[in-house]
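Since the structure comes first, as structure tokens, the remarks are kept for the end.
Given below as structure tokens:
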């Protein structure tokens, strides 16, 4: 089947099998390998992207379901050489070690902060419960998301 | 993991969806949010030859005042429920429990109708709808019928829905902004409930629903009868595991689940006392 969607502001159109997962489509058809496949069972959140502004696990969504949608992946966050506030905060707060969960963690955080721009520590932890990190112990990730919230608040 | 190959049909109306179901019978499966069905298909535990995507049927995505009840379209997502003001005022237990389903990403996609139609005893919302005495509106080629939640769940992942029928609406009686408690016990964030117990008080009676205490979501009838007979909360809660048939798995033995049912039911009842 033919599907088309807007990915990171650009149009994508491909012939795919109906069973193609969104994460497969993004990585293999659109060539955007920033989105990772982790557990492949919708537990770990490494494959998180935004579909029409909301975080979803792209390993548990068909590309066909996103036909016509607007998708944002980690590659679409930065504005040229300027990182997104959440990317910058993960860098400054050392919110990653091996980096495998990071793309999904950042996308989940961007979606979360859009819904809750002024969260508490507890709300950040609940908001990111769908994303697993096996390195950091989460402390610096939570600090990064709270830091990004402050930066974004100041910029408004 | 990739699902087995299937034909994909995107329904653009309820009638078109029903026509596709009539044509393909039990070879077809309805795709709502996909949060339960797609993992099963990836594991090849579900191998439909036709997948009918109901996801664009916005006519089934609503929360409306139905007079004595709140009417919820089957394709209303958990996130919609979680943020809905009408539910917060008229049946807050649904709103609160919807916020306990899975995680943010799951709640953005998953639907109340999908959760009900999947009929998993470990899901949060079916037991709540059972405790609320909700009604389910079902459409098929023959027209519409209404099935009480208490008659809907038939067996492991088995419901009153025929292969050519679609769940279209969930009707929850108005139980107000408070008078409920949901006690979900799990060991890690985002996990399914090992056991859950929901208590709802409305119209002078208290009803209790149990998550993951058998092949289907259950009512704790023994507890309800004891409370109606004037028993104290702690005594009534002792009946929580009566008539249940919980499984044993990596998380808990049957004895431990029975223990959890009693403890969680007591906590839920104490919370609304």
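Protein chains in written order, with this note's numbering: chain A, 1 to 156; chain B, 1001 to 1273. Glycine is no exception: its CB is placed at the ideal position from the N, C-alpha and C atoms.
Q: Identify the contact partners of residue 1055 of chain B in chain A, using a Cβ-Cβ distance below 8 Å as the criterion.
A: The residue labelled residue 1055 of chain B in the question sits at position 55 within the second chain. Neighbours of residue 1055 of chain B on chain A, chain order: 65.
Q. Which residues share a DSSP beta bridge with residue 14 of chain A?
A. Counting from one through the first chain, the residue named residue 14 of chain A turns up at place 14. Paired residue(s): A:3.
Q: For the alpha helix (DSSP H) holding residue 1120 of chain B, just list the boundary residues, first then last.
A: Reading the second chain from its first residue, position 120 is the one you call residue 1120 of chain B. Residue 1120 of chain B -> no alpha helix (DSSP H), and no H or E assigned at all.
Q: Hey, could you find the ends of the beta strand (DSSP E) residue 1185 of chain B is sitting in?
A: Locating residue 1185 of chain B in the second chain gives position 185, counting from the first residue. Per DSSP, residue 1185 of chain B belongs to the beta strand (DSSP E) from 1180-1185.
Q: Leaving aside the five residues before and after residue 1056 of chain B along the sequence, list all residues of the same chain whose C-beta is less than 8 Å from its C-beta, in chain order.
A: Position 56 of the second chain, counted from the first residue, corresponds to residue 1056 of chain B. Cβ neighbours of residue 1056 of chain B beyond the five flanking positions: 1010, 1011, 1012.
Q. Can you tell which of B:1161, B:1273, B:1180 has its C-alpha closest to the C-alpha of residue 1149 of chain B?
A. Here residue 1149 of chain B refers to the residue found at position 149 of the second chain. Out of B:1161, B:1273, B:1180, B:1161 has the C-alpha closest to the C-alpha of residue 1149 of chain B.
Q) Roughly how many angstroms lie between the CA atoms of residue 30 of chain A and residue 1207 of chain B, to the nearest whole one? A) Taking the first residue of the first chain as position 1, residue 30 of chain A is located at position 30. Taking the first residue of the second chain as position 1, residue 1207 of chain B is located at position 207. If I take the Cα positions, the gap works out to 52 Å.
Q. Any residues in the segment 30-60 of chain A with a beta carbon nearer than 9 Å to a beta carbon of chain B? Which ones, in chain order?
A. 40, 41, 42, 43, 45, 48, 51, 54, 55, 56, 57, 59, 60
Q) Do residue 1087 of chain B and residue 62 of chain A have their C-beta atoms closer together than 9 Å? A) Counting from 1 along the second chain, the entry for residue 1087 of chain B is found at position 87. Counting from 1 along the first chain, the entry for residue 62 of chain A is found at position 62. Taking 9 Å as the Cβ cut-off, residue 1087 of chain B and residue 62 of chain A do not qualify as a contacting pair.
Q | Under 7 Å by beta carbon: chain A residues contacting residue 1084 of chain B | A | Here the question's residue 1084 of chain B lines up with position 84 in the second chain. Going along chain A, no residue has its Cβ under 7 Å from residue 1084 of chain B, so there is no contact; the nearest lies around 14 Å.
**Q.** Contact set between residue 134 of chain A and chain B, taken where Cβ atoms lie within less than 8 Å
**A.** Here residue 134 of chain A refers to the residue found at position 134 when the first chain is read from its first residue. The premise fails here: residue 134 of chain A is roughly 13 Å from chain B at the closest Cβ pair, so nothing lies under 8 Å.
Q. Once you ignore the five residues that flank residue 1017 of chain B on each side, which residues in its own chain have a CB closer than 8 Å to its CB?
A. Translated into positions along the second chain, residue 1017 of chain B becomes position 17. Contacts found: 1011, 1030, 1052, 1054, 1057, 1166.
Q | chain B within 9 Å of residue 127 of chain A, Cβ atoms only | A | Here residue 127 of chain A corresponds to residue number 127 of the first chain, with the count starting at 1. Yes, its Cβ sits closer than 9 Å to a Cβ of chain B.
Q | Buried versus exposed call for residue 107 of chain A [16 or more other C-beta atoms within 10 Å across all chains shown] | A | Taking the first residue of the first chain as position 1, residue 107 of chain A is located at position 107. With 16 or more other Cβ atoms within 10 Å, it is buried.
Q.
Please identify the residue among B:1024, B:1163, B:1077, B:1181 whose C-alpha is closest to the C-alpha of residue 1035 of chain B.
A. For the purposes of this step, residue 1035 of chain B is identified with residue 35 of the second chain, where counting begins at 1. The residue with the shortest Cα to Cα distance from residue 1035 of chain B is B:1077.
Q: Give the interface partners of residue 18 of chain A over in chain B, defined as CB-CB distance under 8 Å, in chain order.
A: One-based indexing of the first chain puts residue 18 of chain A at position 18. Those within 8 Å of residue 18 of chain A in chain B are 1005, 1006, 1007, 1008, 1051.
Q.
With a threshold of 8 Å, are at least 3 pairs of Cβ atoms found where one atom belongs to the segment 107-116 of chain A and the other to the segment 44-59 of chain A?
A. yes
Q: Please state whether DSSP places residue 1266 of chain B in a helix, a strand or coil.
A: In the second chain, the residue the question calls residue 1266 of chain B occupies position 266. If DSSP states are grouped into helix, strand and coil, residue 1266 of chain B belongs with the helices.
Q) When the cut-off is 9 Å and only beta carbons count, does residue 77 of chain A lie next to chain B? A) Sequence index remark: in the first chain, residue 77 of chain A carries index 77 (1-based). Chain B contact via Cβ: absent.
Q. Quick one: is residue 90 of chain A near chain B, going by C-beta distance under 9 Å?
A. Counting from one through the first chain, the residue named residue 90 of chain A turns up at place 90. Chain B contact via Cβ: absent.
Q: Output the boundary residues of the beta strand (DSSP E) element that contains residue 1079 of chain B.
A: The residue labelled residue 1079 of chain B in the question sits at position 79 within the second chain. Careful: residue 1079 of chain B lies outside any beta strand (DSSP E), inside the alpha helix (DSSP H) at 1078-1082.
Q: For residue 108 of chain A, go through chain B and note every residue whose CB falls closer than 8 Å to its CB, in chain order.
A: Your numbering for residue 108 of chain A matches position 108 in the first chain. Simply 1104, 1105.
Q: Report the neighbours of residue 1 of chain A on chain B: residues whose CB is nearer than 8 Å to its CB, in chain order.
A: Counting from one through the first chain, the residue named residue 1 of chain A turns up at place 1. Result: 1008.
Q: Could you run through the segment 1094-1126 of chain B and flag, in chain order, every residue whose CB is less than 8 Å away from some CB of chain A?
A: In summary, the residues of the segment 1094-1126 of chain B whose CB is separated from some CB of chain A by less than 8 Å are 1102, 1103, 1104, 1105, 1106, 1108, 1109, in the order they occur in the chain.
Q: Can you tell me which of A:75, A:150, A:45, A:124 puts its alpha carbon nearest to the alpha carbon of residue 10 of chain A?
A: Working through the first chain from its first residue, we reach residue 10 of chain A at position 10. Residue 10 of chain A has its Cα closest to that of A:75, out of A:75, A:150, A:45, A:124.
Q) Taking residue 1163 of chain B as the reference, which of B:1243, B:1261, B:1140 has the closest Cα? A) Sequence index remark: in the second chain, residue 1163 of chain B carries index 163 (1-based). For residue 1163 of chain B, the nearest C-alpha among the options comes from B:1140.
Q.
With distance defined between alpha-carbon atoms, name the residue in B:1273, B:1222, B:1248 nearest to residue 1262 of chain B.
A. By 1-based counting over the second chain, the position of residue 1262 of chain B is 262. Selected option, being the one with the closest Cα: B:1222.
Q) How many angstroms separate the CA atom of residue 24 of chain A from the CA atom of residue 1217 of chain B? A) Walking along the first chain from the start, residue 24 of chain A turns up at place 24. Walking along the second chain from the start, residue 1217 of chain B turns up at place 217. When rounded, the distance between both Cα atoms is 35 Å.
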